[in-house]
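> So for the sequence shown, my numbering puts the first residue at 3; every next one is plus one. Okay, here's the structure, questions in a sec.
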Amino acid sequence: MLGLISKGICIHAAICVLLLVVSAVPAFSRGPEKTDNPYSISRQIHYSFTLKNTTGDLIENARLWTYGPVKQTPAQQCVNIETAHPHEVIMDDLGNQILYFVIEKLPPYGRRILSITANLMMADSPSPETVKDLNPFLTPEKFIQCDDPQIIRTARPLKAENPEKTAQNTFQWMVNHMTYAGFSGKDKGALYALEHKKGDCTEFMYLYTALCRANAIPARCVGGYICKQNEVLHPASYHNWAEIYENNTWQIADAHKRIFKQNCAWYVAMRIFGKTKTDVMEGHHRFRFEGKGLKVKMND
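Written as C-alpha coordinates, this is what we have:
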(Lines of atoms letter the chains of each structure in order from A and count residues from 1; the text may use other names and numbers.)
(Lines give C-alpha, C1' and ligand atoms only; values in the text may rest on other atoms or scores of the structure.)
Protein backbone atom coordinates (compact mmCIF):
# COMPACT_ATOMS: atom_id res chain seq x y z
CA MET A 1 0.00 0.00 0.00
CA LEU A 2 2.80 2.35 0.99
CA GLY A 3 4.58 1.45 -2.24
CA LEU A 4 1.59 2.48 -4.34
CA ILE A 5 1.32 5.76 -2.48
CA SER A 6 5.02 6.38 -2.98
CA LYS A 7 4.74 5.68 -6.72
CA GLY A 8 1.76 8.01 -6.95
CA ILE A 9 3.69 10.78 -5.26
CA CYS A 10 6.63 10.29 -7.64
CA ILE A 11 4.41 10.36 -10.73
CA HIS A 12 2.66 13.50 -9.50
CA ALA A 13 6.00 15.18 -8.84
CA ALA A 14 7.25 14.26 -12.31
CA ILE A 15 4.15 15.73 -13.96
CA CYS A 16 4.57 18.98 -11.98
CA VAL A 17 8.21 19.28 -13.07
CA LEU A 18 7.24 18.67 -16.69
CA LEU A 19 4.55 21.37 -16.52
CA LEU A 20 7.03 23.83 -15.04
CA VAL A 21 9.51 23.15 -17.82
CA VAL A 22 6.87 23.62 -20.53
CA SER A 23 5.57 26.85 -18.99
CA ALA A 24 9.12 28.19 -18.75
CA VAL A 25 9.66 27.90 -22.52
CA PRO A 26 9.58 31.44 -24.00
CA ALA A 27 6.48 32.20 -26.06
CA PHE A 28 8.51 33.12 -29.14
CA SER A 29 9.97 29.63 -29.33
CA ARG A 30 6.54 28.27 -30.17
CA GLY A 31 6.50 30.11 -33.47
CA PRO A 32 4.60 33.29 -34.52
CA GLU A 33 0.86 33.24 -34.88
CA LYS A 34 -0.20 33.39 -38.50
CA THR A 35 -2.77 35.90 -39.69
CA ASP A 36 -4.27 36.69 -43.08
CA ASN A 37 -5.32 40.21 -42.07
CA PRO A 38 -3.14 42.75 -43.95
CA TYR A 39 -4.33 45.59 -41.70
CA SER A 40 -1.85 45.00 -38.89
CA ILE A 41 -0.71 48.51 -37.91
CA SER A 42 -2.85 50.37 -35.39
CA ARG A 43 -3.08 54.13 -35.75
CA GLN A 44 -5.09 56.70 -33.80
CA ILE A 45 -5.76 60.23 -35.00
CA HIS A 46 -7.37 63.10 -33.12
CA TYR A 47 -8.68 66.42 -34.40
CA SER A 48 -11.10 69.09 -33.22
CA PHE A 49 -13.07 72.15 -34.28
CA THR A 50 -14.07 75.32 -32.48
CA LEU A 51 -17.52 76.68 -33.28
CA LYS A 52 -17.96 80.33 -32.34
CA ASN A 53 -21.07 82.50 -32.25
CA THR A 54 -19.83 85.90 -33.43
CA THR A 55 -23.14 87.65 -32.71
CA GLY A 56 -25.15 88.77 -29.70
CA ASP A 57 -28.02 86.52 -30.71
CA LEU A 58 -28.68 82.87 -29.93
CA ILE A 59 -27.82 80.51 -32.79
CA GLU A 60 -30.16 77.57 -32.97
CA ASN A 61 -29.27 74.35 -34.80
CA ALA A 62 -25.73 75.32 -35.81
CA ARG A 63 -24.53 72.61 -38.20
CA LEU A 64 -21.13 71.22 -39.10
CA TRP A 65 -20.19 68.60 -41.70
CA THR A 66 -16.65 67.24 -41.77
CA TYR A 67 -14.85 64.23 -43.19
CA GLY A 68 -13.93 61.29 -41.02
CA PRO A 69 -11.37 58.76 -42.25
CA VAL A 70 -12.50 56.75 -45.30
CA LYS A 71 -14.18 53.57 -44.06
CA GLN A 72 -11.92 51.25 -46.05
CA THR A 73 -9.22 51.47 -48.70
CA PRO A 74 -6.64 48.86 -49.75
CA ALA A 75 -4.35 50.23 -47.02
CA GLN A 76 -6.78 51.50 -44.38
CA GLN A 77 -9.67 50.37 -42.21
CA CYS A 78 -11.52 52.81 -39.97
CA VAL A 79 -12.38 50.73 -36.89
CA ASN A 80 -14.42 53.37 -35.06
CA ILE A 81 -14.92 57.09 -34.54
CA GLU A 82 -15.42 58.57 -31.08
CA THR A 83 -16.90 61.99 -30.35
CA ALA A 84 -18.19 63.58 -27.15
CA HIS A 85 -21.07 65.26 -29.01
CA PRO A 86 -23.69 63.14 -30.81
CA HIS A 87 -23.24 62.92 -34.56
CA GLU A 88 -24.57 61.17 -37.64
CA VAL A 89 -22.34 59.37 -40.15
CA ILE A 90 -23.27 59.95 -43.79
CA MET A 91 -21.67 57.58 -46.31
CA ASP A 92 -21.38 58.75 -49.90
CA ASP A 93 -21.01 56.69 -53.10
CA LEU A 94 -17.19 56.80 -52.92
CA GLY A 95 -16.92 55.33 -49.43
CA ASN A 96 -16.29 58.66 -47.70
CA GLN A 97 -17.60 59.13 -44.16
CA ILE A 98 -19.06 62.55 -43.42
CA LEU A 99 -19.64 63.36 -39.76
CA TYR A 100 -22.70 65.58 -39.25
CA PHE A 101 -23.09 67.57 -36.02
CA VAL A 102 -25.97 69.73 -34.85
CA ILE A 103 -25.54 72.17 -31.93
CA GLU A 104 -29.07 72.95 -30.84
CA LYS A 105 -28.23 76.16 -28.99
CA LEU A 106 -25.06 78.24 -29.18
CA PRO A 107 -25.42 81.26 -26.86
CA PRO A 108 -24.40 84.81 -27.83
CA TYR A 109 -20.62 84.99 -28.30
CA GLY A 110 -20.44 81.40 -27.08
CA ARG A 111 -18.00 78.69 -28.15
CA ARG A 112 -18.21 74.94 -28.50
CA ILE A 113 -15.33 72.55 -29.15
CA LEU A 114 -16.06 69.35 -31.05
CA SER A 115 -13.37 66.68 -30.63
CA ILE A 116 -13.01 63.63 -32.87
CA THR A 117 -10.87 60.53 -32.30
CA ALA A 118 -10.60 57.83 -34.96
CA ASN A 119 -9.04 54.41 -34.49
CA LEU A 120 -7.58 52.90 -37.64
CA MET A 121 -5.81 49.79 -38.85
CA MET A 122 -3.28 50.35 -41.62
CA ALA A 123 -1.47 48.00 -44.01
CA ASP A 124 2.18 47.92 -45.06
CA SER A 125 1.14 47.09 -48.61
CA PRO A 126 -2.23 47.59 -50.29
CA SER A 127 -4.59 44.64 -50.43
CA PRO A 128 -6.54 43.81 -53.62
CA GLU A 129 -9.63 45.84 -54.44
CA THR A 130 -11.84 44.99 -57.38
CA VAL A 131 -13.29 48.08 -59.05
CA LYS A 132 -16.32 47.17 -61.15
CA ASP A 133 -16.36 50.39 -63.18
CA LEU A 134 -13.05 52.13 -63.89
CA ASN A 135 -14.56 54.63 -66.32
CA PRO A 136 -14.91 57.42 -63.70
CA PHE A 137 -11.15 57.19 -63.15
CA LEU A 138 -10.36 57.50 -66.86
CA THR A 139 -12.53 60.44 -67.91
CA PRO A 140 -12.24 64.24 -67.58
CA GLU A 141 -13.51 66.06 -64.50
CA LYS A 142 -13.37 69.60 -63.22
CA PHE A 143 -9.67 70.36 -62.62
CA ILE A 144 -8.66 67.05 -64.29
CA GLN A 145 -8.65 68.05 -67.98
CA CYS A 146 -7.23 64.81 -69.37
CA ASP A 147 -8.86 65.47 -72.76
CA ASP A 148 -7.16 68.84 -73.24
CA PRO A 149 -4.73 68.90 -76.21
CA GLN A 150 -1.86 70.23 -74.05
CA ILE A 151 -2.33 67.45 -71.52
CA ILE A 152 -2.49 64.83 -74.28
CA ARG A 153 0.67 66.19 -76.01
CA THR A 154 2.58 66.03 -72.73
CA ALA A 155 1.31 62.55 -71.85
CA ARG A 156 1.98 60.92 -75.24
CA PRO A 157 5.81 60.69 -74.99
CA LEU A 158 5.48 59.22 -71.48
CA LYS A 159 3.60 56.16 -72.69
CA ALA A 160 5.70 52.99 -72.43
CA GLU A 161 5.36 49.29 -73.25
CA ASN A 162 3.13 48.69 -70.22
CA PRO A 163 0.97 50.74 -67.82
CA GLU A 164 3.39 50.23 -64.91
CA LYS A 165 6.27 51.83 -66.79
CA THR A 166 4.01 54.59 -68.12
CA ALA A 167 2.92 55.47 -64.58
CA GLN A 168 6.55 55.54 -63.48
CA ASN A 169 7.58 57.73 -66.44
CA THR A 170 4.77 60.12 -65.60
CA PHE A 171 5.85 60.29 -61.97
CA GLN A 172 9.45 61.02 -62.95
CA TRP A 173 8.30 63.72 -65.38
CA MET A 174 6.42 65.39 -62.53
CA VAL A 175 9.48 65.23 -60.27
CA ASN A 176 11.71 66.71 -62.98
CA HIS A 177 9.41 69.46 -64.20
CA MET A 178 7.12 70.60 -61.37
CA THR A 179 8.05 73.10 -58.65
CA TYR A 180 6.24 73.42 -55.34
CA ALA A 181 4.89 76.96 -55.10
CA GLY A 182 3.53 76.95 -51.54
CA PHE A 183 -0.01 76.48 -50.30
CA SER A 184 -2.86 78.03 -52.25
CA GLY A 185 -6.39 78.21 -50.91
CA LYS A 186 -7.85 78.00 -54.39
CA ASP A 187 -7.93 74.95 -56.67
CA LYS A 188 -6.35 75.77 -60.03
CA GLY A 189 -6.36 72.40 -61.75
CA ALA A 190 -4.18 70.26 -63.98
CA LEU A 191 -4.03 72.59 -66.95
CA TYR A 192 -2.85 75.50 -64.80
CA ALA A 193 -0.18 73.28 -63.26
CA LEU A 194 1.02 72.16 -66.68
CA GLU A 195 1.15 75.67 -68.13
CA HIS A 196 2.99 77.16 -65.12
CA LYS A 197 4.98 74.06 -64.08
CA LYS A 198 4.21 74.83 -60.45
CA GLY A 199 1.54 74.48 -57.79
CA ASP A 200 0.81 73.12 -54.35
CA CYS A 201 0.10 69.46 -53.52
CA THR A 202 -3.41 69.82 -54.97
CA GLU A 203 -2.12 70.86 -58.39
CA PHE A 204 0.52 68.11 -58.31
CA MET A 205 -2.32 65.66 -57.64
CA TYR A 206 -4.56 66.98 -60.40
CA LEU A 207 -1.83 67.06 -63.05
CA TYR A 208 -0.49 63.57 -62.32
CA THR A 209 -4.04 62.20 -62.40
CA ALA A 210 -4.78 63.95 -65.70
CA LEU A 211 -1.57 62.75 -67.38
CA CYS A 212 -2.26 59.17 -66.31
CA ARG A 213 -5.86 59.26 -67.52
CA ALA A 214 -4.69 60.70 -70.84
CA ASN A 215 -2.69 57.47 -71.28
CA ALA A 216 -5.61 55.24 -70.21
CA ILE A 217 -4.26 54.58 -66.71
CA PRO A 218 -7.01 54.72 -64.05
CA ALA A 219 -6.12 57.36 -61.47
CA ARG A 220 -7.92 59.10 -58.63
CA CYS A 221 -7.41 61.98 -56.22
CA VAL A 222 -7.26 61.54 -52.45
CA GLY A 223 -7.02 63.98 -49.54
CA GLY A 224 -5.91 63.36 -45.97
CA TYR A 225 -2.83 63.36 -43.78
CA ILE A 226 0.57 61.69 -43.62
CA CYS A 227 0.80 60.05 -40.20
CA LYS A 228 3.83 57.91 -39.40
CA GLN A 229 2.50 57.37 -35.86
CA ASN A 230 -0.48 58.35 -33.73
CA GLU A 231 -1.15 62.00 -34.50
CA VAL A 232 -3.07 65.10 -33.49
CA LEU A 233 -4.04 66.50 -36.89
CA HIS A 234 -3.34 70.14 -37.71
CA PRO A 235 -4.93 72.22 -40.51
CA ALA A 236 -1.57 72.96 -42.15
CA SER A 237 -0.79 69.23 -42.35
CA TYR A 238 -3.65 68.48 -44.76
CA HIS A 239 -2.31 66.91 -47.93
CA ASN A 240 -3.55 65.78 -51.33
CA TRP A 241 -2.08 63.00 -53.46
CA ALA A 242 -2.88 60.81 -56.46
CA GLU A 243 -3.38 57.05 -56.63
CA ILE A 244 -3.17 54.76 -59.66
CA TYR A 245 -5.04 51.49 -60.15
CA GLU A 246 -2.39 48.90 -60.87
CA ASN A 247 -2.32 45.11 -60.40
CA ASN A 248 -5.84 45.07 -59.00
CA THR A 249 -5.27 47.66 -56.28
CA TRP A 250 -4.73 51.39 -55.63
CA GLN A 251 -1.12 52.55 -55.27
CA ILE A 252 0.24 55.84 -53.86
CA ALA A 253 1.67 58.29 -56.43
CA ASP A 254 2.62 61.42 -54.50
CA ALA A 255 4.87 63.45 -56.79
CA HIS A 256 4.95 66.38 -54.37
CA LYS A 257 6.49 64.21 -51.61
CA ARG A 258 8.49 62.07 -54.08
CA ILE A 259 6.77 58.88 -52.90
CA PHE A 260 5.79 56.31 -55.51
CA LYS A 261 4.07 53.02 -54.57
CA GLN A 262 5.60 53.12 -51.07
CA ASN A 263 4.70 53.89 -47.45
CA CYS A 264 0.96 53.42 -47.84
CA ALA A 265 0.64 52.86 -44.07
CA TRP A 266 1.56 56.54 -43.57
CA TYR A 267 -1.28 57.88 -45.72
CA VAL A 268 -4.55 58.36 -43.82
CA ALA A 269 -7.26 58.94 -46.42
CA MET A 270 -9.99 61.35 -45.33
CA ARG A 271 -11.55 61.96 -48.73
CA ILE A 272 -11.69 60.25 -52.11
CA PHE A 273 -12.45 62.83 -54.77
CA GLY A 274 -15.08 62.19 -57.41
CA LYS A 275 -18.64 62.62 -58.52
CA THR A 276 -21.24 61.44 -56.04
CA LYS A 277 -25.02 61.61 -55.80
CA THR A 278 -24.82 62.46 -52.09
CA ASP A 279 -22.45 65.44 -52.11
CA VAL A 280 -23.41 66.88 -48.73
CA MET A 281 -19.99 68.56 -48.57
CA GLU A 282 -20.82 70.67 -51.64
CA GLY A 283 -17.23 70.58 -52.88
CA HIS A 284 -15.54 71.58 -49.61
CA HIS A 285 -12.22 69.83 -49.02
CA ARG A 286 -12.39 69.39 -45.24
CA PHE A 287 -15.53 70.81 -43.62
CA ARG A 288 -18.48 73.09 -44.08
CA PHE A 289 -20.97 74.70 -41.71
CA GLU A 290 -24.27 76.55 -41.55
CA GLY A 291 -25.59 79.08 -39.05
CA LYS A 292 -26.04 82.85 -39.19
CA GLY A 293 -23.10 84.45 -37.43
CA LEU A 294 -21.32 81.10 -36.99
CA LYS A 295 -17.56 80.83 -37.42
CA VAL A 296 -15.75 77.49 -37.48
CA LYS A 297 -12.05 76.63 -37.51
CA MET A 298 -10.09 73.42 -37.24
CA ASN A 299 -7.86 73.67 -34.19
CA ASP A 300 -4.06 73.59 -34.37
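Positions of the beta carbon are idealized from the N, C-alpha and C atoms, including for glycine.
Per DSSP, which residues does G44 bridge with? Please list them.
Here residue 44 is Ser; the residue named in the question, Gly, does not match the sequence. According to DSSP, which records beta bridges pairwise, S44 is partnered with M123.
> State the start and end residues of the unbroken alpha helix (DSSP H) segment that holds H198.
A192 to H198
> Return the bridge partner residues of Y182 from the DSSP annotation.
G201
> Which of the three DSSP states, helix, strand or coil, is assigned to Y111?
coil
> Taking C-beta to C-beta, are A120 and P40 nearer than 8 Å?
No, these two residues do not count as a Cβ contact at 8 Å.
> With DSSP as the reference, label C80 as helix, strand or coil.
It is a strand residue.
> Checking the sheet assignment: what are the DSSP bridge partners for N242?
G225
> In whole angstroms, what is the alpha-carbon distance linking V72 and L122?
Put simply, the backbone Cα of V72 is about 10 Å away from that of L122.
> Quick check on L60: buried or exposed, where buried means 16 or more other Cβ atoms within 10 Å of its Cβ?
exposed
> Quick one: any contact between the segment 206-223 and the segment 244-252, if contact means 3 or more CB pairs under 8 Å?
yes
> Label P76 either buried or exposed according to how many other C-beta atoms from any shown protein chain fall within 10 Å of its C-beta, with 16 as the threshold for buried.
buried
> Tell me the residue span of the alpha helix (DSSP H) that contains T68.
Here T68 belongs to no alpha helix (DSSP H); instead the beta strand (DSSP E) covers I61 to G70.
> According to DSSP, Q74 sits in a beta bridge with which residue or residues?
Q79
> By Cβ distance below 8 Å, which residues in the same chain neighbour H179 in space, the five residues on each side in sequence not counted?
The answer, listed in chain order, is K199.
> Mark Q253 as exposed unless 16 or more other C-beta atoms lie within 10 angstroms of its C-beta, in which case mark it buried.
buried
> Beta-carbon within less than 8 Å of R65's beta-carbon, same chain only, minus the 5 sequence neighbours each way: which residues are those?
Y102, F103, V104, I105, F291, E292 and G293
> Assess, as a yes-or-no matter, whether the segment 168-179 is touched by the segment 225-232 under the definition of 3 or more beta carbon pairs within less than 8 Å.
Note that the segment 225-232 does not touch the segment 168-179; fewer than 3 beta-carbon pairs, one per stretch, sit closer than 8 Å.
> Short of 7 Å in beta carbon distance, which residues of its chain neighbour E248, apart from the five on each side in sequence? Order them along the chain.
P165, E166 and A169
> Please state whether DSSP places L136 in a helix, a strand or coil.
coil
> Along the chain, where does the beta strand (DSSP E) containing I154 start, and where does it finish?
Segment P151 to A157 is the alpha helix (DSSP H) holding I154; no beta strand (DSSP E) there.
> Can you tell me the Cα-Cα spacing of M93 and Y49, whole angstroms?
Taking the straight line joining both Cα atoms gives about 20 Å.
> Taking all protein chains shown into account, do 16 or more other C-beta atoms lie within 10 angstroms of the C-beta of D38, making it buried, or fewer, making it exposed?
D38 comes out exposed.
> Which residues does DSSP pair with F51 in a beta bridge?
L116 and M300
> Restricting to Cα atoms, I'd like to know which of R288, E163 and Q79 is closest to P128.
Q79
> Is R158 a contact residue of the ligand ATP, with contact defined as CB to any heavy atom under 7 Å?
Absence of the ligand ATP from the depicted structure is noted, as is the absence of any ligand whatsoever, leaving it without description.
> Compute the Euclidean distance between the alpha carbons of E284 and K188, then round it to the nearest angstrom.
If I take the Cα positions, the gap works out to 15 Å.
> Kindly confirm or deny that the segment 260-271 and the segment 132-139 touch, where touching means at least three C-beta pairs closer than 8 Å.
No, they do not touch.
> Classify T211: buried if its beta carbon has 16 or more other beta carbons within 10 angstroms, exposed otherwise.
buried
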